[in-house]
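Per my numbering, the very first residue in the sequence shown carries number -9; after that it's consecutive.
See below for the structure under consideration.
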Amino acid sequence: MQYVVANRVPVKAEYRAEFEARFQKRAGEVDKQPGFVRMEILRPVNDDGVYVVLTHWVDQAAFEAWMKSDDFRAAHANPLPKEAFGEGGGLERHEVVISAEVPR
C-alpha cells in the first residue's frame, strides 16, 4: 500500500516566489531515495491558503529512512527565515486506499 506524506506549509505571500524557486532548484536528492515514488508541490489559489508538499513512497519505512538520511538534512539546510511562514501547517501521513488515473 503506497504511503503519502502531506507537508502543509503556510508561506506568506511575499515569500512564495522564493519558496517555489527553492523547490525548482533543489538538488533532486529525494528522487534518488529508495522507495520514493513521486513528489507534487501544490500552490494555494488564494492568498491565505497553504502550500501542500506531497511525497509518495512505496511504504512508511521508505519515508522514515529518507527522514533519517544525510540527503534529508542537506535538503532542509538553509531554510527560509521564520517570518516567511504563517501559523499552522505540519505533516499529515496517509495510506492510499483508492487511486484512480486516466491510462496514458
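Glycine included, each C-beta is placed from N, C-alpha and C at the ideal position.
Owing to the predicted nature of the structure, the values given are computational and were not obtained by experimental measurement.
Taking the alpha-carbon positions, what's the Ser89 to Met29 distance?
Distance between the alpha carbons of Ser89 and Met29 is about 16 Å.
Express the C-alpha separation of Pro93 and Val43 in angstroms, rounding to a whole number.
Roughly 24 Å separates the two Cα atoms.
Please list the segments of the beta strand (DSSP E) lying wholly inside the stretch 21 to 76, counting only runs of 3 or more residues, in order along the chain.
Qualifying beta strand (DSSP E) stretches, in chain order: 26 to 32, 41 to 47.
Taking 8 Å as the cut-off, decide whether the C-beta atoms of Phe13 and Val1 are in contact.
For Phe13 and Val1, no; Cβs fall outside 8 Å.
Return the chain-ordered list of same chain residues with a C-beta closer than 6 Å to the C-beta of Gly25, the five sequence neighbours on each side being excluded.
Closer than 6 Å at Cβ, skipping near neighbours: Trp47, Val48, Ala52.
Give me the residue from Asn(-3), Met57, Ala11 with the minimum Cα distance to Val20.
Ranking Asn(-3), Met57, Ala11 by Cα distance to Val20 puts Met57 first.
Hey, quick one: how far does the alpha helix (DSSP H) through Glu91 stretch, first residue to last?
No alpha helix (DSSP H) contains Glu91, which DSSP labels as neither H nor E.
Give the secondary structure of Arg83 by DSSP, where H, G and I count as helix, E and B as strand, and everything else as coil.
Residue state, collapsed to three classes: strand.
Closest to Ala102 by CA distance: which of Val87, Pro69, Gln50 is it?
Any answer about residue 102 is impossible in this case: the structure gives the chain only from -9 up to 94.
Report yes if the CB atom of Val27 is closer than 8 Å to the CB atom of Leu81, and no otherwise.
No, they are not a contact pair.
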